[in-house]
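S.K.: Just so we're aligned, residue 1 is where the sequence shown starts under full-length UniProt numbering, counting upward by one.
First the structure, then my questions, so here it is.
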Amino acid sequence: MAEAERVRGVVARAKGAPVALETIVVPAPGPGEARVRVKACGVCHTDLHYKLGAIGDGFPFLLGHEAAGVVESVGPDVTEVAPGDTVVLNWRAVCGQCRACRRGRPWYCFDTHNATQRMTLEDGTELSPALGIGAFAELTLVAAGQCTKVDPSVPPAVAGLLGCGVMAGIGAAINTGGVGRGDTVAVIGCGGVGDAAVLGSSLAGARTIIAVDVDEQKLQWARDFGATHTVDAKQHDVVEAVRSLTDGFGADVVIDAVGRPETWKQAFYARDLAGTVVLVGVPSPEMTLELPLLDVFGRGGALKSSWYGDCLPSRDFPMLLDLFQQGRLPLDRFVSEEIGVGDVEEAFDKMHRGEVLRSVVVFP
């Protein structure tokens, strides 16, 4: 019978305070739960948002969620995975019972779930795991449905990327935006999620892919992932530039990977009539949007938000990793550096300065 284990994990104790390595207690898995030995975990902007108090005040947080690992043990009634399975962790474990799941749309599941038990500090203080995962630790406890089995031959630092940002971007293009062969696409914001949207658009066969950012390094990354054109938003009017590159019409699909009112408006007006806007960048709670309702009516089309790239992990993770292994999807280019678990605070600084696409914590 498995017992509670003590491991080191990255904890944010207070809003804006530096993160610290702390001893955490990981319970034995209960019914419907799995304990996973983490092999790699990407440093995502969402973790930084937790640290800064932009997602909630449930401190202390156990950070990390973009992870791959091996199932160590499972609780009663678990049939999806077994000890020894290589898995990517996902933060939207579908319930199979809600109205979205019953209608055959599980990627919209309205009752996703996490582990019932809480991991704690040594003094018993309950931790809030980032996105219900908490994987900046050698071991974590999740709902078994948060584990998606994948090919064990894929490097963990690559496989784990699908746990959040890369899946969000690829899915925003393919699943939410419905990018198809011959489409024109513009992507505003070319960090990890935006570049994944560029890559997804290229994979889907878009003929024109316009990358928009204020940082030349990020624009170069976008070119590497398949952007056919780039726009420096410091130098050019974004809407005019996108229209000029699409025969004056605007793009069929415009993806806002920033998530600010000003970038969303750029996306709205840079799309073609009856085109699609996809919001995948996450706004902060105080942001509001004002838009002439007649413009919404008159331009037609679709205004969408993309939750986790509207992905279904059991369908999308193995498929995308198959494409990676075939040499058709260069997911490894997102890994800027591999770091130790004690280097997360420095990785946040590099992320803030725009020096990396992804720093990935790798556990021995």
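Don't be surprised by glycine CBs; every beta carbon is placed ideally from N, CA and C.
Among all the DSSP beta bridges, which residues are the ones paired with A302?
M.R.: For this step, residue 302 is matched to residue 302 along the sequence shown. DSSP output for A302 lists T276 as bridge partner(s).
S.K.: By DSSP's criteria, E337 is part of a beta bridge. Which residues make up the other side?
M.R.: Stepping through the sequence shown from its first residue, residue 337 is reached at position 337. Answer is S359, bridged to E337.
S.K.: Using 8 Å for Cβ pairs, my map puts H65 next to I170. What's the rounded Cβ distance?
M.R.: Against the sequence shown, residue 65 aligns to sequence position 65. Against the sequence shown, residue 170 aligns to sequence position 170. 17 Å between Cβ atoms; not a contact.
S.K.: Would you mind stating whether M287 and P318 have Cβ atoms separated by less than 8 Å?
M.R.: The residue labelled residue 287 in the question sits at position 287 within the sequence shown. The residue labelled residue 318 in the question sits at position 318 within the sequence shown. No. Outside cutoff.
S.K.: Please classify T112: is it buried, with 16 or more other beta-carbons within 10 angstroms of its beta-carbon, or exposed?
M.R.: Position 112 of the sequence shown holds residue 112. Its Cβ being crowded by 16 or more others within 10 Å, T112 is buried.
S.K.: In the DSSP output, which residue or residues are listed as bridge partners for R181?
M.R.: Here residue 181 is taken as the residue at index 181 of the sequence shown, counted from 1. Paired residues: none, contrary to the question.
S.K.: Taking only runs that begin and end inside the segment 4-48, name each unbroken beta strand (DSSP E) of 3 or more residues, in chain order.
M.R.: 5-12, 20-26, 33-42, all fully within the segment 4-48.
S.K.: Of the residues Y50, G16, A34, L357, which one's Cα is nearest the Cα of V81?
M.R.: Numbered from 1 along the sequence shown, position 81 holds the residue referred to as residue 81. Of the listed residues, the one whose Cα sits closest to V81 is A34.
S.K.: When you compare the segment 128-142 with the segment 237-247, are there three or more beta-carbon pairs, one atom per stretch, that lie closer than 8 Å?
M.R.: The segment 128-142, when compared against the segment 237-247, does not touch it at the 8 Å Cβ threshold.
S.K.: Return the chain-ordered list of same chain residues with a C-beta closer than 8 Å to the C-beta of L48, the five sequence neighbours on each side being excluded.
M.R.: Taking the sequence shown and counting its residues from 1, one reaches residue 48 at position 48. Excluding residues within five positions, the ones whose Cβ falls inside 8 Å are F348, M351, H352.
S.K.: Measure from the alpha carbon of V179 to the alpha carbon of each residue in V74, V253, V11, then state which is nearest.
M.R.: For the purposes of this step, residue 179 is identified with residue 179 of the sequence shown, where counting begins at 1. The shortest C-alpha separation from V179 is found at V253.
S.K.: Out of curiosity, what's the CA-to-CA distance linking K332 and V87?
M.R.: Taking the sequence shown and counting its residues from 1, the one referred to as residue 332 is at position 332. Taking the sequence shown and counting its residues from 1, the one referred to as residue 87 is at position 87. First, the residue type needs correcting, since residue 332 is Asp and not Lys in the sequence shown. Going by the C-alpha atoms only, they are around 17 Å apart.
S.K.: Grouping DSSP H, G and I as helix and E and B as strand, with all else coil, what is K149?
M.R.: Here the question's residue 149 lines up with position 149 in the sequence shown. Correct three-state label for K149: strand.
S.K.: Decide if the segment 287-300 is in contact with the segment 152-166; the criterion is three or more beta carbon pairs, one per stretch, under 8 Å apart.
M.R.: Contact between the segment 287-300 and the segment 152-166 is absent, because fewer than three Cβ pairs lie under 8 Å.
S.K.: For the segment 38-46 against the segment 110-127, are there 3 or more C-beta pairs whose distance is under 8 Å?
M.R.: No: the two stretches stay apart, fewer than three of their Cβ pairs being nearer than 8 Å.
S.K.: Mark R6 as exposed unless 16 or more other C-beta atoms lie within 10 angstroms of its C-beta, in which case mark it buried.
M.R.: If you number the sequence shown from 1, residue 6 lands on position 6. Per the 10 Å Cβ criterion, exposed.
S.K.: Find out if the Cβ-Cβ distance for the pair A172, A206 is shorter than 8 Å.
M.R.: In the sequence shown, the residue the question calls residue 172 occupies position 172. In the sequence shown, the residue the question calls residue 206 occupies position 206. Taking 8 Å as the Cβ cut-off, A172 and A206 do not qualify as a contacting pair.
S.K.: Drop a sphere of 10 angstroms on the beta-carbon of L357, count the other beta-carbons inside from all chains shown, and report buried for 16 or more, exposed for fewer.
M.R.: Position 357 of the sequence shown, counted from the first residue, corresponds to residue 357. Buried, because 16 or more other Cβ atoms sit within 10 Å of the Cβ of L357.
S.K.: Which word fits Q326, buried or exposed, when buried means at least 16 other C-beta atoms lie within 10 angstroms of its C-beta?
M.R.: Taking the sequence shown and counting its residues from 1, one reaches residue 326 at position 326. Counting Cβ neighbours within 10 Å, Q326 comes out exposed, since fewer than 16 surround it.
S.K.: How long is the line joining the alpha carbons of P156 and D123, rounded to whole angstroms?
M.R.: Stepping through the sequence shown from its first residue, residue 156 is reached at position 156. Stepping through the sequence shown from its first residue, residue 123 is reached at position 123. So the two alpha carbons sit approximately 32 Å from each other.
S.K.: Give the secondary structure of G75 by DSSP, where H, G and I count as helix, E and B as strand, and everything else as coil.
M.R.: Mapped onto the sequence shown, residue 75 falls at position 75. Coil.
S.K.: Buried or exposed: where does H236 fall if 16 or more other Cβ atoms within 10 Å of its Cβ makes it buried?
M.R.: Along the sequence shown, read from residue 1 onward, the residue named residue 236 stands at position 236. It counts as exposed.
S.K.: Assuming P27 and A4 are in contact, meaning their beta carbons sit under 8 Å apart, how far apart are those beta carbons, in whole angstroms?
M.R.: Residue mapping note: residue 27 aligns to position 27 of the sequence shown, counting from 1. Residue mapping note: residue 4 aligns to position 4 of the sequence shown, counting from 1. 5 Å between Cβ atoms; contact.
S.K.: Under a three-way DSSP split, which group does G69 fall into?
M.R.: Taking the first residue of the sequence shown as 1, we reach residue 69 at position 69. Strand.
S.K.: Can you find the residues in the same chain that come closer than 6 Å, C-beta to C-beta, to V70, ignoring five residues on each side of it along the sequence?
M.R.: On the sequence shown, residue 70 is found 70 positions in, with the first residue counted as 1. The answer, listed in chain order, is R37, T86.
S.K.: Which residues in the same chain as L121 place their Cβ atom closer than 8 Å to its Cβ, once the five residues preceding and following it in sequence are excluded?
M.R.: As a first step, residue 121 must be located in the sequence shown, where it is residue number 121. These residues qualify, in order along the chain: V11, E22, T23, I24, V25, P60, L127.
S.K.: Provide the residue(s) that pair with L89 in DSSP beta bridges, ordered along the chain.
M.R.: For the purposes of this step, residue 89 is identified with residue 89 of the sequence shown, where counting begins at 1. DSSP output for L89 lists C147 as bridge partner(s).
S.K.: Taking the C-alpha atoms as reference points, what is the distance between T228 and L273?
M.R.: Reading the sequence shown from its first residue, position 228 is the one you call residue 228. Reading the sequence shown from its first residue, position 273 is the one you call residue 273. Each residue's Cα considered, the two are about 22 Å apart.
S.K.: Return the chain-ordered list of same chain residues with a C-beta closer than 7 Å to the C-beta of W264, the five sequence neighbours on each side being excluded.
M.R.: Numbered from its first residue, the sequence shown carries residue 264 at position 264. So the list reads D256, L279, L289, once near-sequence residues are dropped.
S.K.: What span of residues does the alpha helix (DSSP H) with A137 cover, start to end?
M.R.: In the sequence shown, residue 137 corresponds to position 137, counting from 1. It is not in any alpha helix (DSSP H) - A137 carries neither H nor E in the DSSP assignment.
S.K.: Opposite V253 in the DSSP bridges: which residues?
M.R.: The residue labelled residue 253 in the question sits at position 253 within the sequence shown. Per DSSP, V185, T276.
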